[in-house]
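Novice:
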Amino acid sequence: MLVQATQNDNLQVMLQTLYGYWFLQFDFPDENGRPYRSSGGRMAWNDQLKREIPLDWRVGANEELFDGIRTGLNPRQNFNLRTQGIAYLTVKNLTKDGGLDFTSCDYIDEEAMAKVRRRSDLRVGDILFASIAPLRRCFLIYEEPRDWEINESVFSIRPRRGVTTPEYVYCHLMSDAFVKQAEQSSTGSIFKGIRHETLKGMMTVIPPETIAQSYASAVSPIMRMRNDNLEENRKLQELRDWLLPLLMNGQATVASSDKLSFAARCSHRRRGYPSREQPPTCVLPIDGGRHEATTHLGRSARHAQRARQRPAQAARIHPASRDRRLRSAGRPTEASQ
348 MLVQATQNDN
358 LQVMLQTLYG
368 YWFLQFDFPD
378 ENGRPYRSSG
388 GRMAWNDQLK
398 REIPLDWRVG
408 ANEELFDGIR
418 TGLNPRQNFN
428 LRTQGIAYLT
438 VKNLTKDGGL
448 DFTSCDYIDE
458 EAMAKVRRRS
468 DLRVGDILFA
478 SIAPLRRCFL
488 IYEEPRDWEI
498 NESVFSIRPR
508 RGVTTPEYVY
518 CHLMSDAFVK
528 QAEQSSTGSI
538 FKGIRHETLK
548 GMMTVIPPET
558 IAQSYASAVS
568 PIMRMRNDNL
578 EENRKLQELR
588 DWLLPLLMNG
598 QATVASSDKL
608 SFAARCSHRR
618 RGYPSREQPP
628 TCVLPIDGGR
638 HEATTHLGRS
648 ARHAQRARQR
658 PAQAARIHPA
668 SRDRRLRSAG
678 RPTEASQ
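Just so you know, we're using the working numbering here: the sequence shown kicks off at 348 and counts up by one.
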């Protein structure tokens with residue numbers, strides 16, 4: 348997980364670097380594949396931004412990039428929170444690395460999810476945006492949310508098709524330039540969050556759709572790789588959270604670097620009844636592979652089965668004990684023979 352987290356940090360730096368290169372320095376590839384501004388591309392002064400922008404670009408409010416901003420639903424009189432069920436995400440569950448953290452979320456039932464979904468209307472391509480400080484916490488939805496929903500503090504921003512792309516809007520909302528502009532829009536001395544109208548009214552440069560599409564093609568593989576890493580990390584964390592209690596209470600021990608040893612779950616195993624059936628062997632994905640989880644004696648299920656099939660004389664039984672067993676069964680002992 349540490350390696351993937353480091354890789355994701357590097358991928359995030361790459362995204363920010365590419366965004367700045369294309370939309371702050373305006374050195375996006377021109378029709379000949381050369382950096383636009385550095386190669387003498389035509390620029391024009393813009394009074395609203397107080398800077399030069401490419402000649403055929405324009406300036407507008409963020410709402411021109413959005414096809415709407417929606418939110419989830421507050422429980423209040425609508426539904427009750429639960430300890431299990433469907434994840435109910437708040438701003439604290441949106442992470443700075445562009446992912447979702449499910450480790451400390453509340454839960455709702457399916458009826459409550461249906462109520463929230465009617466309001467949030469989450470779809471693939473929407474961008475979740477944390478409206479409460481700190482900013483720079485966004486998540487681009489790649490798959491239809493089936494087992495989670497959002498509360499009212501999370502904005503769901505739908506990019507306007509035909510004008511821009513989800514990738515551009517996502518990187519715009521995650522950029523240092525946007526965060527600085529948003530924090531300066533606060534009326535108080537301490538920035539606590541941003542409202543719908545403030546977010547929609549912020550002015551920004553709007554590149555042509557063809558440039559936004561080219562940018563999306565360039566960064567989409569990076570964003571997908573990072574999203575895959577985040578999903579794999581989430582599954583590893585779930586495995587860790589399931590396995591750690593077993594290790595702590597002695598139900599599982601580490602037999603070797605790639606094999607787990609599970610302790611007996613039934614007391615008769617500890618009392619030494621070899622005729623009882625061995626518990627089934629579990630196969631767990633550990634470190635990207637499939638490894639066998641064995642019994643508390645460190646033997647695999649196949650090894651244990653072979654041991655049960657060995658001849659009875661292989662066991663060491665004291666002669667006196669054997670005679671007592673034979674007499675109780677009404678069979679002659681060696682002494683009587």
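Using N, Cα and C, we set each Cβ at its ideal position, and we do this for glycine too. All values derive from a computational prediction rather than experimental measurement.
How about R429 and D456: are their beta carbons less than 8 angstroms apart?
Specialist: What you label residue 429 is simply residue 82 of the sequence shown in a count that begins at 1. What you label residue 456 is simply residue 109 of the sequence shown in a count that begins at 1. Contact flag set, yes.
Novice: Start and end of the beta strand (DSSP E) containing C485?
Specialist: Residue numbering aside, residue 485 sits at position 138 when the sequence shown is read from its first letter. 485 to 487 is the extent of the beta strand (DSSP E) around C485.
Novice: Quick check on this structure: which residue in I558, V438, M595 has the alpha carbon closest to the alpha carbon of P376?
Specialist: For the purposes of this step, residue 376 is taken as residue 29 along the sequence shown, with counting starting at 1. When each option's Cα is compared against that of P376, the closest is I558.
Novice: Looking only at C-alpha atoms, which of G548, V463, G387 sits nearest to A529?
Specialist: For the purposes of this step, residue 529 is taken as the residue at position 182 of the sequence shown. Comparing Cα-Cα distances from A529 to each of G548, V463, G387, the minimum goes to G548.
Novice: Taking only three categories from DSSP, how would you classify R398?
Specialist: Taking the first residue of the sequence shown as 1, we reach residue 398 at position 51. If DSSP states are grouped into helix, strand and coil, R398 belongs with the strands.
Novice: W495: which of A563, L412, G432, E378 sits nearest, CA to CA?
Specialist: As a first step, residue 495 is located in the sequence shown; it is residue number 148 there, counting from the start. When only C-alpha atoms are compared, the closest one is G432.
Novice: What is the DSSP secondary structure of D414, counted as helix, strand or coil?
Specialist: The residue labelled residue 414 in the question sits at position 67 within the sequence shown. The answer is strand: DSSP assigns D414 an E or B state.
Novice: Going by beta carbon distance, what residues of the same chain come within less than 6 angstroms of G407, once the five residues before and after it are set aside?
Specialist: Mapped onto the sequence shown, residue 407 falls at position 60. Cβ within range, chain order: I553.
Novice: What does the alpha-carbon distance come out to for the pair R484 and G540?
Specialist: Stepping through the sequence shown from its first residue, residue 484 is reached at position 137. Stepping through the sequence shown from its first residue, residue 540 is reached at position 193. R484 and G540: Cα-Cα distance of roughly 12 angstroms.
Novice: Pull up the CB-CB distance for A599 and L590, whole angstroms please, since I reckon it's below 8 angstroms.
Specialist: Here residue 599 refers to the residue found at position 252 when the sequence shown is read from its first residue. Here residue 590 refers to the residue found at position 243 when the sequence shown is read from its first residue. So it is a contact: roughly 7 angstroms between Cβ atoms.
Novice: So V463 packs on G419, CB below 8 angstroms; how close in whole Å?
Specialist: Translated into positions along the sequence shown, residue 463 becomes position 116. Translated into positions along the sequence shown, residue 419 becomes position 72. Indeed they touch by this definition, with Cβ atoms about 5 angstroms apart.
Novice: Grab me the residues of Y435's own chain with a C-beta within less than 7 angstroms of its C-beta, minus the 5 sequence neighbours each way, in chain order.
Specialist: The residue you call residue 435 lines up with position 88 of the sequence shown. So the qualifying residues of the chain are L428, C452, D453, Y454, I455, E496, N498.
Novice: Specify the secondary structure class of D494 as computed by DSSP and reduced to three states.
Specialist: Along the sequence shown, one-based indexing puts residue 494 at 147. Coil.
Novice: So what does G540 bridge to, in DSSP terms?
Specialist: By one-based count along the sequence shown, residue 540 stands at place 193. According to DSSP, G540 bridges with I479.
Novice: Can you have a look at W369 and say buried or exposed, based on whether 16 or more other CB atoms are within 10 angstroms of its CB?
Specialist: Along the sequence shown, one-based indexing puts residue 369 at 22. Classification for W369: buried.
Novice: Of all the options M550, I504, H543, which has the alpha carbon lying nearest to the alpha carbon of D394?
Specialist: Within the sequence shown, numbered from 1, the residue matching residue 394 stands at position 47. Selected option, being the one with the closest Cα: M550.
Novice: Buried or exposed: which applies to D473, given that a residue is buried once 16 or more other Cβ atoms fall within 10 Å of its Cβ?
Specialist: As a working mapping, residue 473 is identified with position 126 in the sequence shown. Result: buried.
Novice: Between the Cα of Y489 and those of R417, R381, R470, spot the shortest distance and give me the residue it belongs to.
Specialist: Reading the sequence shown from its first residue, position 142 is the one you call residue 489. Nearest of R417, R381, R470 to Y489, Cα basis: R470.
Novice: If contacts are defined as beta-carbon pairs under 8 angstroms, then L447 and M570 qualify, I think. What distance do you get, rounded to the angstrom?
Specialist: Counting from 1 along the sequence shown, the entry for residue 447 is found at position 100. Counting from 1 along the sequence shown, the entry for residue 570 is found at position 223. Not a contact, Cβ separation roughly 14 angstroms.
Novice: Closer than 8 angstroms by C-beta to N421: which residues in its own chain qualify, once you throw out the five before and the five after it? Chain order, please.
Specialist: Start at 1 with the first residue of the sequence shown, and residue 421 comes out as number 74. The residues are N498, E499.
Novice: Is it true that the CB of R507 sits closer than 8 angstroms to the CB of D468?
Specialist: Numbered from its first residue, the sequence shown carries residue 468 at position 121. Numbered from its first residue, the sequence shown carries residue 507 at position 160. Result no, Cβ atoms of D468 and R507 do not sit closer than 8 angstroms.
Novice: Would you tell me roughly how many angstroms separate the C-alpha atoms of L482 and N440, rounded to the nearest one?
Specialist: Translated into the one-based positions of the sequence shown, residue 482 becomes position 135. Translated into the one-based positions of the sequence shown, residue 440 becomes position 93. Straight-line Cα distance between these residues: approximately 13 angstroms.
Novice: Measure from the C-beta of N440 to each C-beta in chain C and report whether the shortest distance is under 8 angstroms.
Specialist: The structure shown contains no chain C, having only a single protein chain.
Novice: In terms of DSSP beta bridges, what is F502 paired with?
Specialist: Taking the first residue of the sequence shown as 1, we reach residue 502 at position 155. Its beta-bridge partners are T418, F476.
Novice: If we count the other Cβ atoms within 10 Å of its Cβ and call it buried at 16 or more, is M595 buried or exposed?
Specialist: For the purposes of this step, residue 595 is taken as residue 248 along the sequence shown, with counting starting at 1. That one is exposed.
Novice: Residues in the same chain with beta-carbon distance under 8 angstroms from P555, minus the five sequence neighbours each way, listed in chain order, please.
Specialist: Here residue 555 corresponds to residue number 208 of the sequence shown, with the count starting at 1. Hits under 8 angstroms: D403, W404.
Novice: Please classify G367: does DSSP put it in a helix, a strand, or coil?
Specialist: Indexing the sequence shown from 1 puts residue 367 at position 20. Three-state DSSP puts G367 in a helix.
Novice: Cα separation between L583 and A480?
Specialist: One-based indexing of the sequence shown puts residue 583 at position 236. One-based indexing of the sequence shown puts residue 480 at position 133. Approximately 29 angstroms, taken between the alpha carbons.
Novice: Could you give the uninterrupted runs of the alpha helix (DSSP H) lying entirely in the stretch 553 to 582, keeping only those of 4 residues or more?
Specialist: Those alpha helix (DSSP H) runs which fall completely within the stretch 553 to 582 and span 4+ residues do not exist here.
Novice: Are V501 and L520 closer than 8 angstroms when you measure CB to CB?
Specialist: Here residue 501 refers to the residue found at position 154 when the sequence shown is read from its first residue. Here residue 520 refers to the residue found at position 173 when the sequence shown is read from its first residue. Contact: no.
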